[in-house]
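Number of protein chains: 2
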Amino acid sequence: MSNKRENISMSVIRRLPRYYRFLGDLLKHGVTRISSRELSQRMGLTASQIRQDLNCFGGFGQQGYGYIVDQLYREIGKILGTDKRRRAILIGAGNLGRAIANHMAFETRGFDLIGIFDQNPNLIGQVIKGIPVQDSRGLEEFCSRNHPAVAVLCIPRESTHEMATRLTKLGIKGFWNFSHYDLSVHFPDAVIENVHLGDSLLTLSYRVSELERKE
Amino acid sequence: MSNKRENISMSVIRRLPRYYRFLGDLLKHGVTRISSRELSQRMGLTASQIRQDLNCFGGFGQQGYGYIVDQLYREIGKILGTDKRRRAILIGAGNLGRAIANHMAFETRGFDLIGIFDQNPNLIGQVIKGIPVQDSRGLEEFCSRNHPAVAVLCIPRESTHEMATRLTKLGIKGFWNFSHYDLSVHFPDAVIENVHLGDSLLTLSYRVSELERKE
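Protein sequence lines correspond, in order, to chains A and B.
Each step along the first sequence adds one to the number in the working numbering, with nothing skipped, and position 154 is 490.
Each step along the second sequence adds one to the number in the working numbering, with nothing skipped, and position 43 is 379.
Have a look at this one:
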């Protein structure tokens, strides 16, 4: 199975969280079993795509019987790493950072948010979701004591490169990057998951333009 | 050219905002001309990919001369629709909605944010980026007067379906959807651009797990 995993494309990977969400919902609603056909209708995918996707991970379905929801949910959770408890820190306690800290359930997605940092004296000492904002100057000490694995970057793009360099030295392996800076070009060895909100808004603009052209 | 556009894949489209960002940066730094090779190094793409991508839109480069940065920037901007001024409203003035309103430069991406709505009496009347939060009950009147084209949804997933139904009736054609609800399955005719932050965090979790497996 681990051999199999090596070749899984990022597009399959990117669909897994969605499967995970749908299955979590089914569980909540007391559904214990589901066919690929039924799942496909709910998710707006084809049944064969679903079978293909899930086959990549060893295929949990049984012909003519469907998937056992909680088994599949747990398996996908394991693949996604939600059974792990990795430590995360948040850099940047401005509007966006604060919203992310308040809004995201890190703990259901394999992470514990253990520290929040900013360099703005007005923000240092404020408490967000029970976590006091610390001075960024304390990052070295904090990381050597607590060994966070990932950092959430909610800082201006101008500071991103320097901060990522510093954090990489402190053992950070993964970045959840909200700045509009393309970290991946400069940090090829780190895991970088970008949330480029501006790019997403531009894509919306493009697609609405296309719609108007067709009308 | 419009015929050409019909067949452009979403993966090319999704790279355009990134080109747009890079070119905007080059402009800011006074760069007037750039070869596909130089651009490729900065962006971490291959030169042939860049030529291919930009060819989809009619090819602005000249052999042996490169791209004229501001021309390419303006052309891509036009394709993305940043030369338009479309009206947007934001639904949900909680942590996330507030961060989006404060943090995003809508106006540089083809949109004017003209209204913010919430149903929470504690939020109604608050002013975010100069815009007072209005009672969601006033949406019908507001939309019939102001004709917004898109809505940013920062509401809980339980309310998303109902709200999208209501907004579609009010003429909203595009949704920037931050809720973890898969609108596209139920609103196939609308343009839906999802920002599923939870899915992105799960993808990070997966990729960090993979990294650890390899170590």
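We treat Cβ as the ideally placed atom computed from N, Cα and C, and that holds for glycine.
Assigned exposure category for residue i - 16 Cβ within 10 Å defines buried
i: Lys509/A; result: buried
i: Ala441/B; result: exposed
i: Val389/A; result: Before going further, note that residue 389/A is Asp rather than Val in the sequence given. Buried: at least 16 other Cβ atoms inside 10 Å.
i: Arg481/B; result: exposed
i: Arg357/A; result: buried
i: Arg421/B; result: exposed
i: Gly451/A; result: buried
i: Pro524/B; result: exposed
i: Glu477/B; result: exposed
i: Gly413/A; result: buried
i: Val463/A; result: exposed
i: Asn456/A; result: exposed
i: His483/A; result: exposed
i: Asp419/A; result: exposed
i: Thr496/B; result: buried
i: His365/A; result: exposed
i: Gly466/A; result: exposed
i: Met346/A; result: exposed
i: Thr539/A; result: buried
i: Pro468/B; result: exposed
i: Tyr401/A; result: exposed
Beta strand (DSSP E) segment containing residue i, residue limits
i: Arg481/B; result: Segment Leu475 to Asn482 is the alpha helix (DSSP H) holding Arg481/B; no beta strand (DSSP E) there.
i: Val469/B; result: Ile467 to Asp471
CB contact check: residue i to chain B, cutoff 9 angstroms
i: Lys505/A; result: no
i: Phe442/A; result: yes
i: Glu374/A; result: no
i: Ser520/A; result: yes
i: Pro353/A; result: yes
i: Gly474/A; result: no
i: Asn431/A; result: yes
i: Gly461/A; result: no
i: Lys340/A; result: The predicted position of Lys340/A is uncertain, since its pLDDT is 47 and thus under 50; a value taken from the coordinates is nonetheless stated next. Not an interface residue.
Per-residue contacts from residue i into chain B (C-beta, under 8 angstroms)
i: Phe447/A; result: Leu537 and Ser541
i: Arg423/A; result: None at all; the shortest Cβ gap to chain B is about 11 angstroms.
i: Ile420/A; result: Checking the sequence shown, residue 420/A turns out to be Lys, not Ile. Residues of chain B passing the Cβ test: Ser541 and Ser545.
Neighbouring residues, chain A, relative to residue i (Cβ below 8 angstroms)
i: Lys364/B; result: Residues of chain A passing the Cβ test: none, with the nearest at roughly 12 angstroms.
i: Ala485/B; result: Val544
i: Leu533/B; result: Ile436, His439, Met440 and Val531
Partner residues on chain B for residue i, Cβ-Cβ distance less than 9 angstroms
i: Gly415/A; result: Sequence check: residue 415/A is Ile here, not Gly. Near Ile415/A (Cβ distances below 9 angstroms), the residues of chain B are Tyr542 and Ser545.
i: Gly466/A; result: Neighbours of Gly466/A on chain B: none; closest Cβ ~15 angstroms, over 9 angstroms.
Chain-ordered neighbours of residue i on chain A, where CB pairs are closer than 9 angstroms
i: His516/B; result: Arg357
i: Met499/B; result: Those do not exist, as Met499/B stays about 17 angstroms from chain A at its closest Cβ, beyond 9 angstroms.
i: Thr382/B; result: Those do not exist, as Thr382/B stays about 13 angstroms from chain A at its closest Cβ, beyond 9 angstroms.
Chain B contact residues for residue i, given Cβ-Cβ distances below 7 angstroms
i: Ile563/A; result: With chain A running from 337 to 551 in the structure shown, residue 563/A is simply not present.
Residue i, enclosing alpha helix (DSSP H) - first and last residue
i: Ile344/A; result: It is not in any alpha helix (DSSP H) - Ile344/A carries neither H nor E in the DSSP assignment.
i: Leu375/B; result: Ser372 to Met379
is_contact[residue i, chain A] using C-beta, thresh 9 angstroms
i: Ser480/B; result: no
i: Glu529/B; result: yes
i: Arg378/B; result: yes
i: Arg434/B; result: yes
i: Leu408/B; result: no
i: Gly451/B; result: no
i: Gly510/B; result: yes
Partners in chain A for residue i, counting only beta-carbon separations shorter than 7 angstroms
i: Asn456/B; result: Within chain A, no residue comes near Asn456/B; the closest Cβ sits about 15 angstroms away, beyond 7 angstroms.
What residue ranges within the stretch 476-537 of chain B form continuous alpha helix (DSSP H) runs of no fewer than 4 residues, ordered along the chain?
493-505 and 519-522
Only counting runs of 3 or more residues, tell me where the beta strand (DSSP E) segments fall wholly within the stretch 403-463 of chain A, in order along the chain.
422-427 and 447-454
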